[in-house]
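By the numbering used here, the letter at position 80 of the sequence shown is numbered 84, and the numbering carries on one by one without gaps.
In this text, a Cβ means the ideal position worked out from N, Cα and C, and glycines have one as well.
As the structure is a prediction and not an experimental result, all values here were calculated from the model.
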Amino acid sequence: MKKENKVKGGIGEAKVYHYLEKSGYKILETNFENIYGEIDIIALKDRKIVFIEVKARSSYAFGRPCEAVTPYKQNKIRQAAEAYLIKKKLYERDMSFDVIEVLDDEINHLKSCF
């Protein structure tokens, strides 16, 4: 089951990369990991660093994909993002935490949602 979810996530992320590039985002990193957690996509848009969590599902049977980004997960992403900004000396930049839901072929971009 977990491997199947990883495959779905990879397909969802590929769709999202295309969507982001088409929307004027410059992708800086993908699947960035450190001791605090993982960030699916780190991008630049209008001089703002955007940390993006991608959630893909094939149905609403277990709720909306964004509902899987729990407060615990948000905190882990924030910690990983802070370490990234320090490492890259980008702590002066504006930033945003976004979630992009992928449900089959539909993409829903939730900007600055946490």
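In the DSSP assignment, find the unbroken alpha helix (DSSP H) run with residue i in it and report its ends.
i, result
"Arg82", "75 to 91"
For residue i, name the three-state secondary structure that DSSP assigns.
i, result
"Lys115", "coil"
"Leu24", "helix"
"Glu8", "Summary for Glu8: the model assigns pLDDT 47, below 50, so the residue's position carries little reliability; its value from the coordinates is reported in the next sentence. In this structure, Glu8 counts as helix in the three-state DSSP scheme."
"Ala65", "coil"
Rounded to a whole number of angstroms, what is the C-alpha to C-alpha distance between residue i and residue j?
i, j, result
"Ile45", "Thr74", "18 Å"
"Glu71", "Glu17", "17 Å"
For residue i, collect the residues of the same chain with a Cβ closer than 8 Å to its Cβ; drop the 5 residues on either side in sequence, then sort them by chain order.
i, result
"Ile111", "Lys19, Val20, Tyr23, Ile104, Glu105"
"Tyr29", "Ala47, Leu48, Lys49, Val54"
"Glu33", "Ile43, Ile45, Ile46, Tyr88"
"Asp108", "Ser62"
"Arg97", "Arg51, Lys52, Ile53, Leu89"
"Glu64", "Sequence check: residue 64 is Tyr here, not Glu. The answer, listed in chain order, is Leu107."
Start and end of the beta strand (DSSP E) containing residue i?
i, result
"Tyr107", "In the sequence on display, residue 107 carries Leu and not Tyr. It spans 99 to 107 - the beta strand (DSSP E) in which Leu107 sits, taken as one unbroken run."
"Asp44", "41 to 49"
"Glu96", "From DSSP, Glu96 is part of no beta strand (DSSP E); its letter is neither H nor E."
Short of 6 Å in beta carbon distance, which residues of its chain neighbour residue i, apart from the five on each side in sequence? Order them along the chain.
i, result
"Lys115", "Asp102"
Check your understanding: How about the stretch 39 to 56 and the stretch 74 to 84: do they share at least three Cβ pairs that are nearer than 8 Å?
Key -> The count of Cβ pairs closer than 8 Å, one atom from the stretch 39 to 56 and one from the stretch 74 to 84, reaches three, so the stretches are in contact.
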